[in-house]
Amino acid sequence: MKLTQKELNHLVFLSEVVLTGKKKSLMDETLQCLLYIVKSLEEIELPESVVGQIERLTALIEGDLRDENERMQEIRGHLDWMQKKERNSSMPM
27 MKLTQKELNH LVFLSEVVLT GKKKSLMDET LQCLLYIVKS LEEIELPESV VGQIERLTAL
87 IEGDLRDENE RMQEIRGHLD WMQKKERNSS MPM
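What follows is the structure, given as structure tokens:
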């Protein structure tokens, strides 16, 4: 099945409304639609300015995810340390 330019433009419009209107309740559905389209493509020709924006946004996403992952590892390490400390303090001597 092919999506027409009109259908793609409508999806772009809806995506922009969700994004600019900060409609968080619809973000999952919007991302799902866009993900289906992107996954169906093998290659796409884009203007350099768009590629630059995508690279910038990708770097932001990767940085945020990396920071979050590092923070979660710190928290897990601290929790493990606390559990070991509690176990050691409750052991009879």
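FYI, the numbering for the sequence shown is 27 to 119, going by our numbering.
Idealized CB from N, CA, C, for every residue including glycine.
CB-CB length for Leu-52 against Val-44, believed under 8 Å: The residue you call residue 52 lines up with position 26 of the sequence shown. The residue you call residue 44 lines up with position 18 of the sequence shown. Yes, they are in contact, since the Cβ atoms of Leu-52 and Val-44 sit about 5 Å apart, within 8 Å.
Endpoints, the alpha helix (DSSP H) within which Lys-65 is located: The residue labelled residue 65 in the question sits at position 39 within the sequence shown. Counting along the chain, the alpha helix (DSSP H) containing Lys-65 begins and ends at 53 to 66.
Residue from Asp-106, Glu-33, Leu-83, Gln-99 with nearest C-alpha to Cys-59: Here residue 59 refers to the residue found at position 33 of the sequence shown. Answer by Cα proximity: Glu-33.
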